[in-house]
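In what follows, a structure is listed as structure tokens, so that the remarks can point back to it.
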Amino acid sequence: MSSGWKEPAGAGGGGAAPALPVFQSQVPVELDVNGERWVGEVPAGLTLAAFLRDRLGLTGTKIGCGEGNCGACSVIVDGRLVYSCLVPVASCDGSRVETVEGLAQGDRLHPIQEAFIAEDALQCGFCTPGQIMAVKALLDQEPHPTREQVVAALSGNLCRCGAYLRIVNAALRAAAMLAEPGADPGAGAASGRGARGQDAAASGDGPAGRRGEEGGVRGATTGQDPV
Amino acid sequence: MRDVQEPGAPPGAPAAVAPGAPGGAAYARVQSLEQALRALAEASPPPVALAGGTDLFSLIHQGRARPARLMDIGRLEALAGLGPDAEGGWRVGALATLAELARPGALPPAYRALAQAAAASATPALRNRATLGGNLEQQVRCWFFRTGLPCLLAGDNHCACAAPGTAGPFQAVFGHRAGEPGAGCGAVHPSDPAVALVALDAQVELARWTEGGLARRRVPAGSYFPGRVDGGRRGLTAREPGELVVAVHLPPAGEGAWSSLYRKVTDRQAWQFALVSLAVAVRWQEWEGPGAAPVVGGARLVLGGVALKPWRLEAVEAWLEGRALDEGAARRAGELAVDGADPLPGSRFKLELIRALVADALLELAAERRAQAAAR
Amino acid sequence: MPRLVKTQFEFEGRVQERYVVVEDDPAGPLPEEGALRYVGRPVPRVDGWEKVTGRARYTHDVRLPGMVYAVVVRSPYPHARIRAIRTAGALAIPGVLAVLTHENCPPIPWGREGDRVLNPVVRYHGDEVAVVAARDLATARAAAAALEVEYEPLPFVVDLEEAMKPDAPPVRPQGNVRWDRASRYSRGDVEEGLRRAAVVVEGTFRTPVQLHNCMETHGSVVDWQQDRVTIYDSTQHLFGVRDRFAQLFGLPVHRVRVVKEHMGGGFGSKNGLHKYTVLAGILSRQLGRPVRCVLDREEENLAAGNRHSTLQRLRLGATADGRLVAIDLEAYAAVGVLGSAGSIGGPARQLYACPNVRTVEVPVHTNTGPASAFRAPGYVEGTVALEVLMDELAGRLGLDPIELRLRNYTEVDPISGRPYSSKGLRQAYALGAAMAGWDAKRGRVAAGAATEPDEPARRRLRGIGMASQIWGGAGGPPAQAEVRVHPDGTATVVTAGQDIGTGTRTVLAQIAAEELALPLERVRVQLGDTDGGPYAPISAGSMTVPSMGPAVRSAAADAVRQILELAGGLLEVDPRDLELVPPGRVQVKGAPDRGVGLAELGKTLGQYVIVGRGSRGPNPDEYAIHTFGAQFAEVEVDPATGEVRVLDLWAVHDIGRVVNPLTASAQMEGGMIQGLGFALLEERVMDPVSGRVLNPNLENYRVPTVADIPRLHVAFTGEPDPHGNNLGVKGAGEPPIIPTAAAIANAFYHATGIPVRELPLSRDRVLALLRRHGIGPDGRRQPSRAGAAEGGEDR
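Chains as they are written, first to last, in the numbering used here: chain A, 2 to 228; chain B, 3 to 378; chain C, 4 to 798.
Dropping the structure here:
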């Protein structure tokens with residue numbers, strides 16, 4: 002049923018048995034967190050989420066479940082989105098870690114953050130840092146995503162308040178903003194202080210959105226696209 | 003609330019918990035495959051291999067694992083890589099992530115079922131970390147096991163999921179009867195890629211440390227998952243305790259000979275293990291011409307979510323061979339697929355899913371065949 | 004001058020009489036809509052910046068010097084007597100500071116059944132056994148695992164209907180079916196009504212336990228110092244936590260401060276003081292250090308509250324022309340070991356004009372975690388039964404479902420006989436029907452009708468359904484606010500309420516900026532601290548905006564009155580001849596060039612801060628104030644796989660004046676998504692053998708993901724309520740979740756011809772239903788079994 006073969010130890014065929022690894026309870030680690038170098042020792046099994054929150058005080062990264070089911074702890078490690086609650090920080094030696102705290106430059110928000118505010122893509126805000134990092138990871142890889150790609154990319158980030166469609170719209174809006182710096186495609190509609198109530202109809206729609214049916218509606222309608 | 007101690011943990015284990023270290027007391031990153039294998043064979047207490055860590059750290063969180071030593075194999079070159087092998091097939095290193103496998107174009111079209119299975123797994127963030135090797139070695143997602151109820155897989159003397167009167171959700175349909183390997187356990191194997199690998203007739207390459215060297219063997223995917231409940235020490239595969247998965251080998255595709263696909267049924271549209279999934283690989287006979295239904299030369303059909311292992315539908319395969327695949331044949335294949343099924347109370351509805359999935363997937367492949375032939 | 008009056012107050016379907024303090028309200032009528040600058044506009048959240056940068060501080064994020072971590076040890080058994088707890092092993096672990104058990108815990112009472120905070124008998128999987136405190140979380144967890152507890156398991160029952168059986172194991176000595184705590188209501192003569200009815204439809208309905216799964220789990224940090232206790236708590240009611248904590252510990256309230264800047268969701272589960280706060284308080288006092296006790300996701304799903312499951316027997320009687328003559332509801336709610344039944348009968352009592360109505364709502368104990376409020380408690384469940392049966396009645400009478408509802412429309416509250424202050428339900432029906440394309444889509448044939456010859460071999464069944472919504476949402480007193488106008492012409496709104504994520508800060512800023520004629524960026528809202536301002540009510544029951552909003556407006560108007568008074572002195576003009584106009588300028592009416600800016604006025608006032616005070620006045624006793632709405636759903640059912648896919652949801656609600664269409668629409672969408680989860684996906688699953696919860700996690704308790712969301716369409720009828728309060732607002736929190744599941748169930752009925760009796764519509768249930776009613780995998784009725792498919796029957 003199974004075939005087997007043997008080969009001598011050591012790539013060079015030297016034959017010497019390799020030394021057993023040395024297991025440490027405190028592990029030396031060097032990291033780049035949001036562009037800042039961190040060098041120190043971490044407990045062997047400490048998760049990246051706990052490290053960011055408790056060691057570095059970067060509490061923007063949230064822990065919603067601790068077992069990789071909700072996405073609140075999403076951060077980017079070496080360009081890839083991960084759930085930091087399932088990643089031992091000891092394994093991240095030499096890695097580049099991006100968290101929500103690293104996006105804004107001073108008081109200037111990243112376009113993704115601006116888009117989240119403009120689309121009202123949050124309510125309680127607890128899942129928001131994770132959602133934003135998921136959008137960031139997507140747009141870093143795919144600057145012009147389709148709506149379907151956005152939905153797929155966000156499918157591991159739960160939002161119990163149900164801001165989903167707005168988050169999708171925010172991602173698409175941010176993509177447009179990043180593609181053409183300085184131009185916010187929907188700025189007039191969604192941030193429209195002083196816009197008439199009726200115009201709120203567009204507020205839920207991103208660049209790829211469409212208007213809902215509005216005949217004779219007071220207040221507002223939103224027509225959200227399928228996802 | 004529940005504390006599962008790994009064998010060999012130091013005496014007075016609680017005191018050995020490092021402050022702030024829920025995930026294990028000690029860590030080492032190994033430098034070579036040989037070093038890793040020697041540590042597995044000789045180090046005491048034996049380390050637990052860590053690659054993506056997605057299953058391990060959720061097990062730790064759930065109190066189902068408490069490794070004293072974490073051995074990080076995540077950067078071993080010997081386990082990496084994704085590309086053609088010397089035999090004309092394809093080698094997927096054990097550390098290939100599901101995200102890499104799911105990336106369009108990463109695998110030749112003949113292995114589409116594997117790419118689709120990887121893409122259907124978990125979530126983007128999990129696929130970025132989860133490795134193929136770890137995916138094959140993951141524990142069951144059984145609701146009873148994961149919430150700390152008695153389970154053969156955890157070393158208990160019975161499975162709570164099989165207690166009379168319970169109606170465990172989403173359980174096995176095949177392979178759990180007395181006398182079968184999965185007897186007494188209602189759990190199903192959770193992996194999506196494993197299902198595809200069996201359908202693609204892949205082989206799993208394992209390595210271990212023996213006196214003075216490294217020993218490798220290959221196990222066909224079809225026998226890699228014995229579907230056996232083994233007291234929890236060995237997990238769900240043919241891998242021995244001292245072994246590591248090195249790579250998975252996909253057989254030579256042949257010029258357009260086989261086409262494959264993977265389909266998965268869930269309640270939620272994302273982030274759910276399969277209620278039922280299906281991988282199909284099919285080889286067609288010569289095209290009969292416009293209007294004719296394509297004729298099956300050979301087929302492999304494997305179900306996921308229905309047994310403690312990927313469940314091969316050999317009778318359906320045999321029945322399909324040489325048959326023109328029209329609507330009626332596909333429906334009949336769906337009916338045959340549930341022959342011999344013995345659903346537990348919580349899994350009866352899966353029979354309907356199996357019927358529909360088998361028929362729909364076969365028709366989809368047939369339609370593709372038609373379209374390809376028409377284009378030629 | 005404050006004076007005391009007696010008024011009626013409605014909260015989540017229950018009416019109470021209470022005294023309220025009434026103050027003069029200086030706020031006049033709001034200008035016409037077109038003249039409003041902020042109220043009614045889609046203003047982005049004023050706290051958006053904090054939330055998108057990760058700087059917003061949640062209870063989870065509170066870190067205090069010397070903070071200790073507490074972990075609760077919970078029962079693995081659904082019912083057991085604790086024989087012994089051995090703490091030595093846990094205490095021997097370095098860094099472990101304390102272990103509290105029922106043996107050494109102060110005897111603090113808990114709930115109304117005679118329990119204490121820690122008890123020698125545990126009554127559900129997840130019940131609190133002990134709490135361990137240590138210098139860090141990992142050590143505390145290790146100590147919790149090292150605690151040796153010896154249990155004597157006791158008989159238990161976890162299922163509602165099992166618990167109702169006479170021989171069921173008693174959850175409490177008082178018995179399981181709490182007739183002594185049943186709510187009964189009756190008007191007219193139901194039996195007579197049923198006798199007179201030309202048509203009677205009836206059904207037995209079952210709804211599941213829904214878990215809140217707020218993204219931020221419950222938790223507190225308690226910092227007990229000699230002269231005061233500070234509690235950081237993820238709560239919907241700062242003052243409720245303060246008062247109850249003070250009461251349990253015998254503290255005067257001025258020594259207890261509760262703080263919550265931001266919270267990651269509540270949905271009713273964070274309405275009051277929870278045990279972990281009390282345990283942290285005991286430990287903090289004992290250890291002299293701040294103590295953090297935050298639940299993990301499993302604990303959250305075991306012990307932090309839930310929407311109770313229900314069993315409802317409902318009968319409707321109607322005349323041949325579709326007038327309801329009898330509504331008879333008997334409802335049982337599995338409240339767990341503690342807790343009360345929601346107003347399951349609310350819709351039956353209130354939604355339709357019907358002379359003869361009888362409802363009884365009975366709490367039933369089960370060995371499961373305590374039920375709590377969950378967004379429109381009772382109304383979601385009750386609306387499912389009532390509105391599903393209304394559609395069956397419409398079918399029996401050959402009436403369009405909306406027509407049947409219109410024939411039973413009422414302009415007066417059927418309970419009190421008082422007219423509604425405003426009711427936009429008729430408009431909601433019409434607008435919703437137009438948006439959804441109701442007439443055309445209702446015309447489609449249901450399953451089982453003759454099929455077209457050219458149809459595909461397997462067809463998906465499509466249907467459209469709708470359901471109505473009624474709920475309170477009047478808001479009311481007490482709610483107080485201050486508006487402080489600073490010397491530079493900026494203002495701070497201070498009220499000790501909470502923004503639970505709904506946008507309260509933003510809405511209050513809009514209201515204050517409108518009244519103060521200031522640009523929005525010159526108004527800041529300070530919430531979330533009981534020491535920081537006057538009383539604001541619980542953020543629940545859709546009452547935040549209609550309670551706090553009018554109070555803020557009054558406070559701002561009071562500040563404006565003082566501004567005009569002071570400016571009159573400076574300008575040497577009678578204040579009655581002055582007006583405040585944007586952007587913060589006082590001027591003489593009719594002579595705009597004579598005036599003074601607020602900042603300039605401030606310079607002459609020195610450092611004097613103008614403080615306007617306001618409070619929410621009582622609701623008018625002569626009107627009944629309610630929110631209304633209608634939702635429509637279009638679904639597609641796959642007869643082969645049991646998949647129910649919602650394609651579109653349309654919502655039209657009457658929540659009075661919409662202060663912020665942006666945040667209000669977002670809230671509507673969120674409610675609809677939770678309602679969709681309730682209809683299709685969400686269900687706590689208990690193991691009847693072990694009595695344990697099988698899915699206390701976000702993997703197997705399935706809240707909808709982004710990929711599960713249909714197209715959503717939201718509209719408001721938008722008319723300000725003319726009688727309720729000085730803003731014309733009603734509440735928005737609960738309404739959007741109320742009719743969603745019922746609308747989806749009715750769409751399923753339209754698609755398949757099968758009336759829904761049980762939620763969620765999971766694949767296993769749907770497949771069983773279809774087959775039992777003779778619909779095969781191809782979507783066609785199987786002739787041999789067509790007889791089973793007659794609608795309206797019970798099962």
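Glycine is no exception: its CB is placed at the ideal position from the N, C-alpha and C atoms.
Neighbourhood of residue i by C-beta, 8 Å cutoff - its chain only, sequence neighbours within 5 removed
i        : result
B/Pro152 : Phe146, Asp158, Asn159, His160, Cys161, Ala162
A/Ala188 : Only weak support is given to the placement of A/Ala188: the predicted model assigns it a pLDDT of 45, under 50, and the value that follows is read from those uncertain coordinates. Same-chain partners within the cutoff: Ala119.
Exposure label - residue i; buried when at least 16 CB within 10 Å
i        : result
A/Arg38  : exposed
B/Gly55  : buried
A/Leu82  : buried
A/His145 : exposed
A/Asp206 : Residue placement at A/Asp206 cannot be trusted, given a pLDDT of 36 that sits under 50; what the coordinates show is reported in the next sentence. So A/Asp206 counts as buried.
C/Trp182 : exposed
C/Arg3   : One cannot answer for residue 3 of chain C here, as it falls past the ends of chain C, which runs 4 to 798.
B/Ser46  : exposed
C-alpha gap between residue i and residue j, whole angstroms
i        : j        : result
C/Ile740 : C/Ala379 : 7 Å
B/Leu154 : A/Val169 : 43 Å
C/Ile503 : C/Phe377 : 14 Å
C/Arg190 : A/Arg148 : 53 Å
C/Ala74  : C/Val134 : First, the residue type needs correcting, since residue 74 of chain C is Val and not Ala in the sequence shown. So the alpha carbons of these two residues sit roughly 6 Å apart.
B/Val250 : A/Ala138 : 29 Å
A/Asp55  : A/Cys86  : 13 Å
B/Arg131 : C/Asp118 : 47 Å
B/Arg218 : C/Arg209 : 57 Å
C/Gln483 : C/Gly178 : 43 Å
C/Ser425 : C/Asp724 : 6 Å
B/Ala112 : B/Arg378 : 18 Å
A/Ala190 : C/Pro45  : Summary for A/Ala190: the model assigns pLDDT 39, below 50, so the residue's position carries little reliability, and this model does not support an answer.
B/Glu329 : C/Pro713 : 31 Å
Beta-ladder partner(s) of residue i, from DSSP
i        : result
B/Trp92  : B/Pro86, B/Leu252
A/Asp33  : A/Arg38, A/Arg97
C/Gln239 : Per DSSP, none; premise fails for C/Gln239.
C/Ala133 : C/Val76, C/Thr104
C/Leu314 : C/Arg209, C/Tyr335
C/Ile85  : C/Tyr154
Spatially closest choice to residue i from the options, by CA coordinates
i        : options                      : result
B/Pro166 : B/Ala343, B/Gly188, B/Ala198 : B/Gly188
B/Val284 : B/Gln274, B/Trp273, B/Pro296 : B/Pro296
B/Gly90  : B/Val278, B/Ala255, B/Ala343 : B/Ala255
Own chain residues within Cβ distance below 7 Å of residue i, not counting five before or after
i        : result
C/Pro707 : Ile676, Leu679, Gly680, Leu684
B/Leu322 : Val298, Ala301, Ala335
Residues near residue i in its chain [Cβ-Cβ closer than 6 Å; skip 5 each side]
i        : result
B/Ala28  : Arg71
A/Gln124 : Cys162, Ala164
C/Gln565 : Ile613
C/Ser557 : Asp28, Ala30, Gly617
C/Cys357 : Leu327, Ile330
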